[in-house]
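**Student:**
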Amino acid sequence: MSLRRIAVVIALLVLIVDQFVKYWVTGPMGIDYPGAELNLLPVFTLRFVQNFGVSLGLLQAGSETARWALVAMTAIIATGVAVWIRRETQKPELIGLGLVLGGALGNIVDRVRFGYVVDYADFHIFGYSPFLVFNIADAAISIGVVILLVRALFTPKPKHDVPVEKANA
């Protein structure tokens, strides 16, 4: 399997798992209205949240126009990531890009279907939540971005030989 196909497979797997878990939580588990929750562990609760914005509650879509603007903005980003996948040759970057693309697609599907993104995962300890309520798509995007950042910041760049006369110009 080519490296680029790995990124596409990862994106499709993230999309499918994200949508299945959202279905399971809001369907058979019945956590499908604001305020619904199920404590699974002392540090983890399934809690239904309608996310009308993007990360950290930014860019809240308070109207249909804003909703579709967020869909368009996310679709443009997803398209850019897909183009990057076509050009990328490094496996770690392709894995990160596949995670980002799959997460973006999962959240686009929600926003188109419902007008908001379904969030449900709430980690907490001693009454403190270090994260906002999130979903698998959000986690995939975050992990993918971290992979890309780590690779950009800490992977040595290949040295290119520059002729002496050009280097001194």
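Following the working numbering, the residues of the sequence shown are numbered contiguously, the last one being 331.
Just so you know, even glycine gets a beta-carbon here, dropped at the ideal spot from N, CA and C.
1) The alpha helix (DSSP H) with residue 185 in it runs from where to where?
2) Would you mind giving the Cβ-Cβ distance between residue 122 and residue 202, rounded to the nearest angstrom? I have them listed as a contact below 8 Å.
3) Starting from the Cα of residue 226, find the closest Cα among 296, 286, 277, 318 and give me that residue.
4) Relative to the alpha-carbon of residue 285, which residue among 165, 261, 319, 208 has its alpha-carbon at the smallest distance?
5) So, does the region 176-186 touch the region 261-270, judging by three or more C-beta pairs under 8 Å?
6) Quick one: grab the DSSP three-state call for residue 208.
7) Just to confirm, is the Cβ distance from residue 211 to residue 295 under 9 Å?
8) Suppose the cutoff is 7 Å on Cβ atoms and the five residues either side in sequence are ignored; what does the same chain contact list for residue 194 look like?
9) Taking its Cβ as the centre, do 16 or more other Cβ atoms sit within 10 Å of residue 185, making it buried, or is it exposed?
10) Thinking residue 258 and residue 170 are a contact (beta carbons under 8 Å), I'd like their distance in whole angstroms, please.
11) Given a threshold of 16 other Cβ atoms within 10 Å of its Cβ, counted over all protein chains shown, does residue 273 qualify as buried or as exposed?
12) Would you call the CB atoms of residue 198 and residue 264 closer than 9 Å?
13) Is the beta carbon of residue 279 sitting closer than 9 Å to the one on residue 206?
14) How far does the beta strand (DSSP E) with residue 283 in it extend, from its first residue to its last?
15) If we ignore side chains and look at the alpha-carbon of each, how far apart do residue 192 and residue 314 end up?
16) If you draw a straight line from the C-alpha of residue 228 to the C-alpha of residue 183, how long is it?
17) If we ignore side chains and look at the alpha-carbon of each, how far apart do residue 175 and residue 303 end up?
**Tutor:** Taking the geometry as given:
1) Locating residue 185 in the sequence shown gives position 23, where the first residue counts as 1. Looking at the DSSP string, the run of the alpha helix (DSSP H) that includes residue 185 is 165-188.
2) No answer is possible for residue 122: the residues shown for the chain start at 163 and end at 331.
3) Taking the first residue of the sequence shown as 1, we reach residue 226 at position 64. Among 296, 286, 277, 318, the Cα nearest to that of residue 226 is on 277.
4) Taking the first residue of the sequence shown as 1, we reach residue 285 at position 123. Per the Cα distances, 208.
5) yes
6) Position 46 of the sequence shown, counted from the first residue, corresponds to residue 208. Strand, per DSSP.
7) Your numbering for residue 211 matches position 49 in the sequence shown. Your numbering for residue 295 matches position 133 in the sequence shown. Yes, the Cβ-Cβ distance between residue 211 and residue 295 is below 9 Å.
8) The count along the sequence shown starts at 1 and reaches residue 194 at position 32. Cβ within range, chain order: 188, 210.
9) Stepping through the sequence shown from its first residue, residue 185 is reached at position 23. Counting Cβ neighbours within 10 Å, residue 185 comes out exposed, since fewer than 16 surround it.
10) Numbered from 1 along the sequence shown, position 96 holds the residue referred to as residue 258. Numbered from 1 along the sequence shown, position 8 holds the residue referred to as residue 170. Not confirmed; about 14 Å, so no contact.
11) By 1-based counting over the sequence shown, the position of residue 273 is 111. Result: buried.
12) Residue numbering aside, residue 198 sits at position 36 when the sequence shown is read from its first letter. Residue numbering aside, residue 264 sits at position 102 when the sequence shown is read from its first letter. It is not a contact, given that the beta carbons lie outside the stated cut-off.
13) As a position in the sequence shown, residue 279 is number 117, starting the count at 1. As a position in the sequence shown, residue 206 is number 44, starting the count at 1. No. Outside cutoff.
14) Your numbering for residue 283 matches position 121 in the sequence shown. Residues 279-285.
15) Reading the sequence shown from its first residue, position 30 is the one you call residue 192. Reading the sequence shown from its first residue, position 152 is the one you call residue 314. Each residue's alpha carbon lies about 42 Å from the other.
16) Along the sequence shown, read from residue 1 onward, the residue named residue 228 stands at position 66. Along the sequence shown, read from residue 1 onward, the residue named residue 183 stands at position 21. Their Cα atoms are separated by approximately 26 Å.
17) Position 13 of the sequence shown holds residue 175. Position 141 of the sequence shown holds residue 303. Cα-Cα distance, rounded: 13 Å.
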